[in-house]
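Residue numbers (the numbering used here), protein chains in the order written: chain A, 106 to 393; chain B, 3 to 348.
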């Protein structure tokens, strides 16, 4: 498509502009781990060696020139050194190109973007994180954060549901969490296999495994269908709507509140979210 | 602010001198077998300028936010921005399009400033011209009257014997040196005001109610599914209404390569929330989620955007009554006046 015309006259001369919201930064791949058939975990460091300053729950636009960008939740905690993790699921042209990259290669990132988990509202309370499927990636940032600053929180409970045992992400982390005294970890799979000894059933079946105090702060991230069922359970337990936080997924194409693809009513998920208190979006008809 | 007058016989020389000095974009005729249509295009002579146009096919936002605009260029590993504004004069813009430009300015400026738009916008001088002919689907006189045109540099009004030129900014003042202007007399200024008032009585369509009452009833109708299903039943999801709209600013971003397979760019193109794929995401393993899957949902989203969602930010509706969407819609179901008028009061 080299014949594209634009207001710069299609000239090859281009100049960098300060604060160009579309200009990405280069990041080096420090490590790649194939975690499932479809997902890879990338550990990255900014090429200029500066620290990526972000909050758990914020997103990055990650891409390669000539392919495009995709929005991804940061999957590691800002408390952990000067690297950061992302998880790429191979679903389209950009993600497949990213998943062909190896250690030492570079990719491009823009961000951090959006609003993350409201740490000030979570500290000092019981915290329940409910992650379904790839929803474990952005919540892993908060999980690591909570484990690193464990004393700032009361009880810490984690529910994780995957479609089947082969779809489980972050196997080393799961192994640690199963043994850890710092987190009450409960897991389930929708469909088991002969090797699976754990719970089988949808994620809401985990509510029967433990007692949740109504004052608990709850963070939910998962496939769209999961939210309604989980919220129904939380309402039964008496958890207030303003204490339930949803990490929503939409088509965050530009990431800076302009392109319009991620709108829910009058909200832009990329700048007003992706994390929203349920009380803020319960009246937004298209939210969940 | 100052008022000036130029005689009709001196007007062509003024435009000619302006074109010699600057890049001037104005309304020009684009004839087809059926009828004469108009577009904003670069003027090469004063005879091309058609201030008697009714409405242009595309709004003037394309000068700052073109249908295709490079955001980044790359050459090997080197990636660079692509903002290179060209100074230009937009001459002969109707006031409703200036209102729309001002809204677009606000939206590209809020939160994260989009220099790819704003740099071009700031490099422009905008001259409004009075409406001399009203388009068949216009209703600009009855929508968002509390939102005044802002951001223009001058306002030109045709009166008996010539034109009154109201310079609003220093940029508008600076164009005076290109023509034989005299100070406008009080009767000429009054004549200009009257001409602008008179023409507004000729809008063929009328939106009933106030901006606030319309926002309220449109918002309240969100859950009335049968209403939106009925409105949208003939919708082709083609996005024509979005494409011709002066306040629509959604876009898609795509990368491309030069034939050398080593260089290329990232380009944004206008996108339409009425199209089926607009809110669709891929979940992997062939699974997809479309957050506005139904035509009625997409149709409703457009009306919420135009009549309700943005009102607080913009001070009124995100529709200026140009009537372009009504004229562009194959099924003729996009007309905001018809749709909003037929929504019952909350």
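Built from N, CA and C at the ideal position, the CB exists for glycine as well.
| task | Decide if residue 384 (chain A) is buried, meaning its Cβ has at least 16 other Cβ atoms within 10 Å, or exposed. | result | That one is exposed.
| Which value, in whole angstroms, describes the spacing of the CA atoms of residue 292 (chain A) and residue 266 (chain A)? | Straight-line Cα distance between these residues: approximately 6 Å.
| request: Starting from the beta carbon of residue 97 (chain A), find every residue of chain B whose beta carbon is closer than 8 Å, and list them in chain order. | output: This structure does not reach residue 97 (chain A), given that chain A is present from 106 up to 393, and the question cannot be answered.
| query | Could you give the distance in angstroms between the alpha-carbon of residue 83 (chain A) and the alpha-carbon of residue 140 (chain A)? | reply | For chain A, the structure presents residues 106 to 393; residue 83 (chain A) sits outside this window and is missing.
| task | Check the Cβ of residue 334 (chain B) against every Cβ in chain A and list those closer than 9 Å, keeping chain order. | result | Residues of chain A passing the Cβ test: none, with the nearest at roughly 25 Å.
| task | Leaving aside the five residues before and after residue 257 (chain B) along the sequence, list all residues of the same chain whose C-beta is less than 8 Å from its C-beta, in chain order. | result | Setting aside the 5 residues that flank it on each side, residue 257 (chain B) is surrounded in the same chain by 266, 267, 268 and 269, each with a C-beta closer than 8 Å to its C-beta; the list follows chain order.
| Top-ranked residue by Cα proximity to residue 148 (chain A), from A:263, A:250 and A:186 | Relative to residue 148 (chain A), the option among A:263, A:250 and A:186 whose CA is nearest is A:186.
| field | residue 163 (chain A) in three-state terms, based on DSSP | value | Residue 163 (chain A): coil per DSSP, three-state reduction.
| field | Neighbour list for residue 116 (chain B) in chain A, Cβ cutoff strictly below 7 Å | value | Chain A residues near residue 116 (chain B): 126 and 363.
| query | If you measure beta-carbon to beta-carbon, which residues of the segment 279 to 291 of chain B are closer than 8 Å to chain A? | reply | So the list reads 280, 281, 282, 283, 284, 285, 286, 287 and 291, given in the order they occur along the chain.
| request: Jot down the residue ranges of each uninterrupted alpha helix (DSSP H) in the segment 254 to 315 of chain B, minimum 4 residues, whole runs only, in chain order. | output: Taken in chain order, the unbroken stretches of alpha helix (DSSP H) that lie wholly in the segment 254 to 315 of chain B and span 4 residues or more are 297 to 306.
| field | Cα-Cα separation between residue 299 (chain B) and residue 248 (chain A), rounded to whole angstroms | value | Each residue's Cα considered, the two are about 36 Å apart.
| field | Euclidean distance between Cα positions of residue 145 (chain B) and residue 213 (chain B) | value | Residue 145 (chain B) and residue 213 (chain B) have their C-alpha atoms some 7 Å from each other.
| task | Write down every uninterrupted run of the alpha helix (DSSP H) in the segment 179 to 241 of chain A whose length is 4 residues or greater and which is fully enclosed by it, in chain order. | result | Counting whole runs of 4 or more residues, the segment 179 to 241 of chain A contains the alpha helix (DSSP H) stretches 198 to 203 and 224 to 227.
| field | Helix, strand or coil at residue 346 (chain B) [DSSP, three-state] | value | In the displayed model, residue 346 (chain B) falls within coil according to three-state DSSP, outside both helix and strand.
| message | Does any residue of chain D have a CB that is nearer than 8 Å to the CB of residue 111 (chain B)? | response | The structure shown contains no chain D; the protein chains it does contain are A and B.
| Which residues in the same chain have their Cβ closer than 6 Å to the Cβ of residue 72 (chain B), if we skip the five residues on either side of it in sequence? | Around residue 72 (chain B): 84, 267 and 269.
| task | Please state whether DSSP places residue 111 (chain B) in a helix, a strand or coil. | result | Helix.
| field | Local Cβ density within 10 Å of residue 388 (chain A), reported as buried at 16 or more and exposed below that | value | With fewer than 16 Cβ atoms within 10 Å of its Cβ, residue 388 (chain A) is classed as exposed.
| request: Would you kindly check if the distance between the Cβ of residue 280 (chain B) and the Cβ of residue 233 (chain B) is under 8 Å? | output: Between residue 233 (chain B) and residue 280 (chain B), the gap from beta carbon to beta carbon reaches 8 Å or more.
| message | I'd like to know whether the C-beta of residue 230 (chain B) is nearer than 8 Å to at least one C-beta of chain A. | response | By this cut-off, residue 230 (chain B) is not an interface position.
| said: By alpha-carbon positions, which one of A:380, A:373 and A:356 ends up nearest to residue 282 (chain B)? | reply: Closest by alpha carbon: A:356.
| said: Under 8 Å: do the segment 43 to 61 of chain B and the segment 13 to 29 of chain B share three or more Cβ pairs, one atom per stretch? | reply: Yes, the segment 43 to 61 of chain B touches the segment 13 to 29 of chain B.
| query | Measuring CA to CA, which of B:262, B:331, B:82 and B:155 is closest to residue 103 (chain B)? | reply | Ranking the options by Cα distance to residue 103 (chain B), first place goes to B:155.
| field | Backbone CA spacing between residue 213 (chain A) and residue 251 (chain B) [nearest angstrom] | value | Rounded to whole angstroms, residue 213 (chain A) to residue 251 (chain B) spans 26 Å at the Cα level.
| said: At the level of alpha carbons, what is the spacing between residue 203 (chain B) and residue 324 (chain B)? | reply: Taken atom to atom, the span from the alpha-carbon of residue 203 (chain B) to that of residue 324 (chain B) is near 15 Å.
| query | So which of B:61, B:333 and B:7 has the shortest CA-CA distance to residue 167 (chain B)? | reply | It is B:7.
| Are there three or more Cβ pairs, one per stretch, closer than 8 Å when the segment 247 to 262 of chain A is compared with the segment 336 to 347 of chain A? | No: the two stretches stay apart, fewer than three of their Cβ pairs being nearer than 8 Å.
| Proximal residues to residue 173 (chain A) (C-beta, below 8 Å), its chain only, five neighbours per side dropped | Correct list, in chain order: 198 and 199.
| request: Return the CA-CA distance between residue 207 (chain B) and residue 32 (chain B), expressed in angstroms with no decimal places. | output: Using only the alpha carbons, I get a separation of about 25 Å.
| query | Using a beta-carbon distance cut-off of less than 7 Å, what residues from the segment 46 to 78 of chain B approach chain A? | reply | Cβ proximity to chain A below 7 Å picks out 68, 70, 71, 72, 73, 74, 75 and 76 from the segment 46 to 78 of chain B.
| message | Just to confirm my understanding: we take residue 112 (chain A), look at its own chain, exclude 5 residues before and 5 after, and list those with CB closer than 7 Å. What are they? | response | In this predicted model, residue 112 (chain A) has a pLDDT of only 44, less than 50, meaning its place in the structure is not dependable enough to derive any value.
| query | Taking Cβ-Cβ distances shorter than 8 Å, what residues in chain A pair up with residue 294 (chain B)? | reply | Against chain A, a Cβ distance below 8 Å from residue 294 (chain B) picks out 391.
| said: Against chain B, does residue 358 (chain A) count as a neighbour if the rule is that its beta carbon must be under 8 Å from one of theirs? | reply: With 8 Å as the cut-off, residue 358 (chain A) counts as an interface residue toward chain B.
| First through last residue of the beta strand (DSSP E) which encompasses residue 356 (chain A) | That residue, residue 356 (chain A), is in no beta strand (DSSP E); it is neither H nor E in DSSP.
| Starting from residue 157 (chain B) and walking both ways along the beta strand (DSSP E), at which residues does that stretch end? | Start and end: 156 to 161.
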